[in-house]
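Using my numbering, the first residue of the first sequence is number 3, and each one after it goes up by one.
Glycine included, each C-beta is placed from N, C-alpha and C at the ideal position.
Down below is the structure, laid out as structure tokens.
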Amino acid sequence: MDRPLENNPDTGTPSNFIRNIINEDLRTGKHKEIVTRFPPEPNGYLHIGHAKSICLNFGLAKDYGGTCHLRFDDTNPEKEEVEYIESIQRDVRWLGFDWGDHLYYASDYFDQLYDYAVDLIKQGKAYVCSLSSEEIREYRGTLTEPGKESPYRNRSIEENLELFERMRNGEFEDGEHVLRAKIDMASPNVVMRDPIIYRIRKMEHHRTGDKWCIYPMYDFTHCLSDAIEGITHSICTLEFENNRALYDWILDQVFDGPHPQQIEFARLNLSYTLMSKRKLLDLIEKGIVDGWDDPRMPTLVGLRRRGYTPEAIRDFCDRIGVAKANSIVDVALLEHCLREDLNQRAPRTMAVLRPLKVVIENYPEGKVEMLEALNNPQDPSAGTRLIPFSREIYIEQEDFMENPPRKFYRLAPGREVRLRFAYFITCTDVIKDDDGNIVELRCTYDPETKGGSAPDGRKVRATMHWVSAEHSLPAEVRIYDHLFTKEDPNEGDLYENVNPNSLEVLTNVRVEPGMKDVKPEDKFQFERQGYFCVDKDSTQERLVFNQTVPLRDTWAKMQKKKK
RNA sequence: UGGGGGAUCGUCUAAUGGCAGGACGGAUGACUCUGACUCAUCUAGUCUAGGUUCGAAUCCUAGUCCCCCAGCCA
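In structure tokens form, the structure reads like this:
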């Protein structure tokens, strides 16, 4: 059997039910090439759930040598804005996809759509209904009881044509009339109970201006837009399954050419976060986060600011697969993809998040040595850099314990450790303030161990990061945790599930002097700690970093398990 | 209580009547100038009950549970 691209070992893209359908369509000759589309409504920012759809649609087009259109589904001028149109294009490009010449707007088809509606009326399959919205709702019936027919259902074709034209001409106010498809008020599928296909909305449209005061509804617009563009596979999310009957019905009535096939898949849910635009907006308005690009947000602008790379997000989207079962993907998989990407690419640097001063008593006062450090042990071509070493340095508070438990093999009184790329030091004294807090350590170093290895071959168990006290630069670091405390934040009360500790700001951080010229979105691995990204708030005077994701931490895990 | 969908390791997913496989997570160990990375080993699954078949996650029958639909939103 000839099944191209199934379980494709080259791209690593696993088989899924949509690829199976496409393979079959290609095999049987139903299609010669495939055309997909990503059809966002410009009413908000894109999030990682959209990324799944983008990767799916653009990825399919790419793998099968087809085309993917970017089409704005802009049929509701009430909610849509140019700002979103721009941000969506920026985000799709940032993710790494290119629609070429295929940028479309549903509003480009308003004339054609109007003609199709007239056609439907002429066929006696659509009518102008003058019921109020409340009445329409009442007439629709319920899930278990059939609806009843509108008294306006049997208006003559001539009257419908005239009324519809007058609707278009602005002779009626919002809500006075709607155009409805004449299907079946008793259908067990509520979507088919004479759905509204046009409504009056006297409002300026961001693209068509005041040309129209009637706007087509989604169900009428989407199938026809797909058909007009020659979309072969119209991929959408599960909640549109019921609408497929209407999608097909409309095309059957008025569209002559080939009909696109609507295929539904399960939208992405990620543990410990939300994917609903409405609820995300609510978090912003309630001040729980700072905006669409808050680094805790699952929006593409938020992830970008946090330090996520498009490569990691695409890899993630490839790995989660595509299916029809609702699911919640573990955010740990996303983090895994990110670490894998950043591990190869992020230059290393040392930063001390919670400084503890160390004085190296046998190191000459005033002496400064420039020591060579690897920029990225994973990538020799990243080269080396020189970092200053001096008598007074900072180490991480948590890298010292006065009474270390078993298995803690960092610094402790009398113990020798290695300072990365520098020297072995041994702790000789612990200095405390009046309250008993450790404020400073006294150490000695072994000049023979310069660069980090001992000529006599002796080993130390721990290697620690450090910065020179005098030469290091102050910085602020923002540490993030999940936005919600529950894997599924919708379980129970959403706002009780908000994690009050999702942001921790460290203001006393010290970084290597070489960091002074960093730019927003620059990414680093702070050795032994994690990946960090320069925030847009960062300035020459005040460096600001976001923790993108911490390194895996076996020691912390052991500690946690003990408790 | 109408209609439309769905159920495979803890999580996500593959299998198209022929060895239930992969990834993440977890555990153990090796390595280590990052307790990182890497490597090795292990862990763990077909919703239930019947049936068809040499053979069933897959086909049939009957259940159970979950999701979606009653916007002039998409």
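Inter-residue spacing [alpha-carbon to alpha-carbon] between Leu58 and Asp186 = 35 angstroms
Integer Cβ distance of His208 from Val84, believed to fall under 8 angstroms | 5 angstroms
Residues sharing a beta bridge with Met466, DSSP | Leu421
Close-in-space but distant-in-sequence residues of the same chain around Lys559 (CB under 6 angstroms, 5 per side omitted) | none
DSSP state of Met277 mapped onto helix, strand, coil = coil
Which full runs of the beta strand (DSSP E) of 3+ residues lie inside the stretch 138-214, going along the chain?
-> 180-183 and 198-202
Validate contact between the stretch 129-138 and the stretch 173-184 using beta carbons, cut 8 angstroms, 3 pairs | yes
Would you decide whether Asp75 is buried or exposed? Buried here means 16 or more other CB atoms lie within 10 Å of its CB.
-> buried
So what does DSSP say about Phe528, is it helix, strand or coil?
-> strand
So Glu398 is in the beta strand (DSSP E); what residue range does that whole segment cover?
-> Glu394 to Glu398
Name the DSSP bridge partner or partners of Ala414?
-> DSSP, once it has assigned bridges, lists no residue as partnering Ala414.
Would you identify the three-state DSSP class for Ser132, choosing helix, strand or coil?
-> coil
Where Pro515 sits in the DSSP three-state scheme | helix
According to DSSP, is Phe257 helix, strand or coil?
-> coil
Just checking, does the stretch 35-45 make contact with the stretch 222-234 on the three C-beta pairs under 8 angstroms criterion?
-> yes
Could you tell me the boundaries of the beta strand (DSSP E) in which Met352 lies?
-> Neither: Met352 is in no beta strand (DSSP E) and is coded neither H nor E.
To the nearest angstrom, report how far apart Lys488 and Asn503 are at their CA atoms.
-> 13 angstroms
Using the beta-carbon count (16 or more within 10 Å), is Ala327 buried or exposed?
-> exposed
His224 - containing beta strand (DSSP E), residue span = Premise fails: His224 lies in the alpha helix (DSSP H), Tyr220 to Glu231, not in any beta strand (DSSP E).
Keeping to the same chain, check which residues put their C-beta closer than 6 angstroms to that of Pro148; ignore five residues upstream and five downstream.
-> Ala188
Once you ignore the five residues that flank Ala471 on each side, which residues in its own chain have a CB closer than 6 angstroms to its CB?
-> Glu394, Ile395 and Tyr396
Flag this pair as yes or no: are the beta carbons of Gln264 and Asn245 separated by less than 9 angstroms?
-> yes
How many angstroms separate the CA atom of Gly516 from the CA atom of Glu529?
-> 15 angstroms
Answer yes if the stretch 301-317 comes into contact with the stretch 250-269, meaning at least three C-beta pairs across the two stretches below 8 angstroms, and no otherwise.
-> no
Report the three-state DSSP secondary structure of Val324 (helix, strand or coil).
-> coil
Skipping 5 residues on each side, what residues in its chain have a beta carbon closer than 6 angstroms to that of Lys525?
-> Gly309, Ala348 and Cys535
Could you check what DSSP says for Val333 in three-state terms: helix, strand or coil?
-> helix
Distance, Asn492 Cα to Cys238 Cα = 23 angstroms
Determine the direct distance from the alpha carbon of Arg92 to that of Val360, and round the result to whole angstroms.
-> 47 angstroms
Using the Cα positions of Ala456 and Thr275, report the straight-line distance between them to the nearest angstrom.
-> 48 angstroms
Check whether Phe402 and Leu335 have beta carbons under 9 angstroms apart = no
Buried or exposed by the 16-neighbour rule on C-beta atoms within 10 Å, applied to Ile216 = buried
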